[in-house]
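Asker:
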C-alpha cells in the first residue's frame with residue numbers, strides 16, 4: 503500500500519497568509535509589528551491608526567491565523583501620481599522566510615490603481631531592504647536607481663544614517 507500523497511503535503515506559504523488593506527482596527531497591530539522589528543523608526547501608535555484609516559488603499563497587511571504579522575505602508579506622492587512611496591515594510595520575526603515582504607510589495611504593485619513606479623528610502627546598512635527592493639525591481643524587469651536623498655545633516659536628531667532613495671520603474 504502506498505501512502506496517500508495528500509498526507510505529505512503541507513499548506514503552501516501562500517495559503518498561510520491573507521493580504522488585504524488595513525483597517526483602523528489593524529493600526530495597533532501595525533504599531534506592534536513595527537516596534538517588535540527593532541529596526542524601523544517607530545512612529546506613535548496614533549500615526550499607525552491614522553495610516554490604516556487614511557492610506558489603506560496604498561498599504562497592505564498580512565494576516566495569519568487571524569492576526570496581523572506584517573505590513574507595508576505607503577502613499578501616492580502628490581507631485582507624482584503614479585508613484586507609490588513605500589514608508590515602512592515589517593514582518594514579525596517568526597514569520598520571516600516565507601517571502602512575505604516581497605509578496606506584499608507585489609500585491610501593492612498589482613492592486614494600487616495607476617501605479618507604475620515605486621520609491622522608498624533605505625540606509626546603507628540595511629542589507630535586507632536593499633535585497634528586497636532589488637529583487638522586486640528584477641522581478642518586474644524595471645529600472646532601479648539609487649539617489650542620495652537625505653544626508654545626516656538633514657536630520658535634527660543625532661545618529662540617523664543617511665537615506666538613499668530607491669526609485670523603481672516604470673513597470
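Numbering (my numbering), first residue to last: 503 to 673. Backbone N, C-alpha and C fix where the C-beta goes; we use that ideal spot for every residue, glycine too.
Rounded to a whole number of angstroms, what is the C-alpha to C-alpha distance between residue 510 and residue 518?
Answerer: Reliability of the predicted coordinates at residue 510 is poor, the pLDDT of 40 falling under 50, and the value obtained from them is presented with this limitation in mind. Cα-Cα distance, rounded: 17 Å.
Asker: With 16 as the cutoff for other CB atoms within 10 Å, does residue 569 come out buried or exposed?
Answerer: Per the 10 Å Cβ criterion, exposed.
Asker: Quick check: the segment 610 to 630 against the segment 583 to 595, are at least 3 beta-carbon pairs closer than 8 Å?
Answerer: Enough Cβ pairs lie closer than 8 Å, so yes.
Asker: Can you check the segment 516 to 590 for any alpha helix (DSSP H) of at least 4 residues that lies completely inside it and give the ranges in chain order?
Answerer: Listed in chain order, they are 529 to 539 and 547 to 556.
Asker: Note down, in chain order, each residue of its chain lying with its Cβ closer than 7 Å to the Cβ of residue 533, except the 5 sequence neighbours on either side.
Answerer: Answer for residue 533: 547 and 550, listed in chain order.
Asker: What number of angstroms, rounded off, separates the C-alpha of residue 638 from the C-alpha of residue 628?
Answerer: Cα-Cα distance, rounded: 16 Å.
Asker: Can you give me the Cβ contacts of residue 562 inside the same chain, cut-off strictly under 6 Å, excluding the 5 residues immediately before and after it?
Answerer: The residues are 521, 574, 606, 609 and 610.
Asker: Would you tell me roughly how many angstroms separate the C-alpha atoms of residue 635 and residue 572, rounded to the nearest one?
Answerer: Roughly 16 Å between the two C-alpha positions.
Asker: Per DSSP, residue 647 forms a beta bridge with which residues?
Answerer: Bridge partners of residue 647: 669.
Asker: Nearest to residue 649 by CA position, among 538, 536 and 670, is which residue?
Answerer: Ranking 538, 536 and 670 by Cα distance to residue 649 puts 670 first.
Asker: Using 8 Å as the threshold, is the C-beta distance between residue 592 and residue 535 below it?
Answerer: Yes, they are a contact pair.
Asker: Nearest to residue 651 by CA position, among 663, 613, 531 and 631, is which residue?
Answerer: Measuring from the Cα of residue 651, the nearest candidate turns out to be 663.
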